[in-house]
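First the structure, in the form of structure tokens, and then the observations on it.
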Amino acid sequence: MTRPMSVYPTELELQILKILWEGSSALTVREVRDALAATGRDLAHTSVITTLGTMVGKEQLEKLEPLQGKAFRFAPLLPQEDVSRQMLGDLVNRVFDGSAEAVMLSLFDVSTLDEDDVKRLRKLFNKKLREQKS
1 MTRPMSVYPT ELELQILKIL WEGSSALTVR EVRDALAATG RDLAHTSVIT TLGTMVGKEQ
61 LEKLEPLQGK AFRFAPLLPQ EDVSRQMLGD LVNRVFDGSA EAVMLSLFDV STLDEDDVKR
121 LRKLFNKKLR EQKS
């Protein structure tokens, strides 16, 4: 039985998207494979080709014509902000029943914050509150 297609990028797809978001231009299969290997994820060339093809089919990436030679290039179609917002929203809804407060309390439990971090967070909270009142 085949696994249903995920609405969100899988772990590997997200890793590839992050690599492409960090770059300023589209990358070839070899460049994506090398970047994955540099992060400790050494995959076969054919596995990377298959994953990139799947991502094109899911409209996460676009396959661009080669500049020179025969190496196709791949570029993200999904903005990083959209993916992170959608995935975080899903996590908040599924794990924390939509409670932003529960998410924040959990983050404080699992993160180490120094005094400067708390000051920056306080400023961000105050800014957000002002925006919501406007």
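Per my numbering, residue 1 is the first one in the sequence shown, and the count goes up by one each step. C-beta atoms are modelled at their ideal positions from N, C-alpha and C, and glycine is treated no differently.
Around the beta carbon of Gln60, a 10 Å sphere encloses 16 or more other beta carbons of the protein chains shown; the residue is thus reported as buried. For Leu20, the CB contacts under 8 Å within the same chain, skipping 5 residues up- and downstream, are Ala26, Leu27, Val32, Leu61, Phe74, Ala75, Pro76 in chain order.
Taking 8 Å as the cut-off, the Cβ atoms of Leu52 and Leu43 do not count as close. Contact check for Tyr8 and Gln80: beta-carbon distance about 13 Å, past the 8 Å limit, so the pair fails to qualify. Phe96 and Ala71 have their C-alpha atoms roughly 44 Å apart. Of the residues Asp116, Thr39, Leu113, Phe125, the one whose Cα lies closest to the Cα of Leu12 is Thr39.
The DSSP-derived three-state label of Phe96 is helix. Spanning the alpha carbons of Ser84 and Lys119 requires a straight line of approximately 24 Å. His45 sits away from Val56, with the two beta carbons spaced by 8 Å or more. Secondary structure note for Arg73: its beta strand (DSSP E) is the uninterrupted segment 73-76.
Taking the Cβ atoms as the reference, Arg41 lies roughly 28 Å from Gln68, outside the contact range of under 8 Å. Taking C-beta atoms as the reference points, Ala100 and Val110 fail to come closer than 8 Å. Sequence-distant Cβ neighbours of Asn126 in its own chain, meaning closer than 7 Å and more than five residues away, do not exist here.
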